[in-house]
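A.B. asks: The following block contains the structure, expressed as structure tokens.
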Amino acid sequence: MTYGHRPVMLDEVARLIDAGPGATYVDATVGYGGHAERLAELAGLSGRVIGIDRDAQALEAARRRLSGFGGVVTLVRRRFSEIDAVAREEGVTRVDGVLFDLGVSSPQLSSDERGFSFRGSSRLDMRMDPSQGPTAGELVNELDEAELSRILREFGEEKWASRIASFIVEARRREVIDSTERLVEIIKAAVPASARRGDQHPGRRVFQALRIAVNDELSELRTALEKVPKLLRGGGRVVVISYHSLEDRIVKSGFRQAERGCRCPPDFPECRCGGRPTLRVLTKRPVVPEPSEVAGNPRARSARLRAAEKVEVEGP
Ligand SMILES: C[S@@+](CC[C@H](N)C(=O)[O-])C[C@H]1O[C@@H](n2cnc3c(N)ncnc32)[C@H](O)[C@@H]1O
């Protein structure tokens with residue numbers, strides 16, 4: 475059964491997180507529970523899986539899927555930037571593995587109410603946790619043009635950011651832009667014909683940018699990655715699957731920084747900060763899905779997996 479969302483690179487995740495009996499894992503993006511199910515199977519009755527998600531609908535689906543594991547699985551509705559607090563509240567000080575499978579799930583994307591997709595028409599929302607924060611509609615209708623343009627450029631790497639921002643501001647003088655369909659029409663009017671004819675949907679980058687801004691996705695990721703080494707036992711593993719270059723860059727540089735330890739500027743003759751390496755990178759290059767997986771699950775196409783291991787602490 476797929477539960478509406480197929481977990482990406484399931485075997486690679488299990489191999490790289492080194493899943494086994496009696497282990498404790500945090501699945502920081504439990505979603506529809508596909509990866510968590512595999513981790514719980516491998517951890518067995520003496521193991522533990524703590525699943526975090528900020529989306530109540532996803533958690534409800536995960537709860538149904540994982541109910542057969544009883545007390546092995548605990549589900550928590552939180553942001554993963556609070557991963558340390560969640561572990562503490564669950565009475566866990568060190569874990570064997572942490573998984574992040576970033577972004578949104580297929581049911582979130584295909585929902586008619588959530589506003590994540592540039593296909594179809596729904597309210598411009600895009601909040602993973604609909605009880606918190608501004609909606610995409612509020613950003614589109616209220617931000618000033620310069621800020622809107624910055625978001626589209628920085629979070630969407632959108633070449634036509636300033637033109638699209640100016641078309642949005644012009645359109646909202648006459649109307650409230652309240653649907654994904656209307657936003658797509660405005661984007662299409664703003665970009666040149668050549669950009670409308672490319673293989674990618676002209677709204678893809680704008681929707682990515684708004685989703686990142688609405689959910690504060692990049693700072694969530696930076697904060698969580700900083701906290702992970704402290705949570706892992708020596709030899710424990712962290713695995714991250716990202717779906718666009720902005721996320722992948724944060725993971726790559728976060729892992730590198732943890733591997734280096736020292737935070738002194740490169741022109742310092744010797745280390746003054748005393749920072750020690752906390753992680754060893756296991757994937758010099760990102761792992762990508764097999765073509766057969768991509769053929770069966772187009773969502774896997776852009777997936778990049780990176781993994782690292784907690785460096786054993788020396789000394790008594
Ligand atoms: C790609 S899906 C995970 C799918 C899951 N691995 C599975 O097998 O079903 C990503 C999930 O992470 C959640 N998420 C994204 N950012 C989050 C954050 N900062 N804190 C908590 N959950 C987050 C989303 O709500 C979504 O359910």
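Be aware that the sequence shown starts at 475, since it is given in my numbering, and climbs by one per residue.
Just so you know, even glycine gets a beta-carbon here, dropped at the ideal spot from N, CA and C.
1. I'd like the list of long-range same chain contacts for G518, defined as Cβ closer than 6 Å, with 5 residues on each side in sequence excluded.
2. Checking 8 Å against the spacing of the C-beta atoms, do L657 and V614 come in under that value?
3. Just confirm the distance between the C-beta atoms of A530 and R551, as a whole number of angstroms; I'd bet it's less than 8 Å.
4. Identify, in the order they occur along the chain, each residue of the same chain with its Cβ nearer than 6 Å to the Cβ of Y499, setting aside the five sequence neighbours on each side.
5. If contacts are defined as beta-carbon pairs under 8 Å, then A669 and L573 qualify, I think. What distance do you get, rounded to the angstrom?
6. Ends of the beta strand (DSSP E) at V713?
7. When DSSP labels each residue in this structure, what does A781 get in the three-state scheme?
8. Pull up the distance between the alpha-carbon of P790 and that of V482, whole angstroms please.
9. Three-state secondary structure (DSSP) at T609?
10. Going straight from the alpha carbon of T752 to that of R711, what length do you get?
11. Mind checking whether L706 and V569 have CB atoms under 8 Å apart?
12. Across which residues does DSSP place S776 in a beta bridge pair?
13. Apart from the five residues just before and just after P581, which ones in its own chain have a Cβ nearer than 8 Å to its Cβ?
14. Following a CB-centred definition, is D527 positioned closer than 7 Å to any heavy atom of ligand 1?
15. With a cut-off of 8 Å, do at least 3 Cβ pairs link the region 625-641 to the region 561-568?
16. Need the endpoints of the beta strand (DSSP E) that T498 sits in, please.
17. In terms of residue numbering, what span does the beta strand (DSSP E) encompassing T548 cover?
18. If I follow the unbroken beta strand (DSSP E) through V523, where does it start and stop?
C.D. replies: In short, the structure shows the following:
1. On the sequence shown, position 44 is the one that residue 518 refers to. Taken in chain order, the residues that qualify are P495.
2. On the sequence shown, position 183 is the one that residue 657 refers to. On the sequence shown, position 140 is the one that residue 614 refers to. The answer is yes: Cβ separation under 8 Å.
3. Here residue 530 refers to the residue found at position 56 of the sequence shown. Here residue 551 refers to the residue found at position 77 of the sequence shown. The pair is a contact, with the Cβ atoms about 6 Å apart (cut-off 8 Å).
4. As a position in the sequence shown, residue 499 is number 25, starting the count at 1. Here the set comprises L513, V523 and G571.
5. Your numbering for residue 669 matches position 195 in the sequence shown. Your numbering for residue 573 matches position 99 in the sequence shown. In fact, because the Cβ distance is near 36 Å, the residues do not count as touching under 8 Å.
6. Walking along the sequence shown from the start, residue 713 turns up at place 239. Here the beta strand (DSSP E) through V713 covers L706 to S716.
7. For this step, residue 781 is matched to residue 307 along the sequence shown. Of the three classes helix, strand and coil, the one that applies to A781 here is strand, per DSSP.
8. Walking along the sequence shown from the start, residue 790 turns up at place 316. Walking along the sequence shown from the start, residue 482 turns up at place 8. Caution is warranted here: a pLDDT of 49 is assigned to P790, below 50, making its placement in the model unreliable, and the coordinate value is therefore given only provisionally. In a straight line, the C-alpha of P790 is about 40 Å away from that of V482.
9. Counted from its first residue, the sequence shown places residue 609 at position 135. T609: coil per DSSP, three-state reduction.
10. For the purposes of this step, residue 752 is taken as the residue at position 278 of the sequence shown. For the purposes of this step, residue 711 is taken as the residue at position 237 of the sequence shown. Rounded to the nearest angstrom, the two C-alpha atoms are 11 Å apart.
11. For the purposes of this step, residue 706 is taken as residue 232 along the sequence shown, with counting starting at 1. For the purposes of this step, residue 569 is taken as residue 95 along the sequence shown, with counting starting at 1. Result yes, Cβ atoms of L706 and V569 sit closer than 8 Å.
12. The residue given as residue 776 occupies position 302 in the sequence shown. Residue pairing by DSSP places S776 in no beta bridge whatsoever.
13. Looking up residue 581 in the sequence shown gives position 107. Here the set comprises G478, H479, Y506, Q531, A532 and A535.
14. Along the sequence shown, read from residue 1 onward, the residue named residue 527 stands at position 53. Closer than 7 Å to some heavy atom of ligand 1: that describes the Cβ of D527.
15. In the pairwise beta carbon analysis, the region 625-641 is classified as not touching the region 561-568: fewer than three pairs are separated by under 8 Å.
16. Position 24 of the sequence shown, counted from the start, is the residue given in the question as residue 498. Counting along the chain, the beta strand (DSSP E) containing T498 begins and ends at T498 to D501.
17. Here residue 548 refers to the residue found at position 74 when the sequence shown is read from its first residue. Here the beta strand (DSSP E) through T548 covers V547 to R551.
18. Numbered from 1 along the sequence shown, position 49 holds the residue referred to as residue 523. That run of the beta strand (DSSP E) goes R522 to D527.
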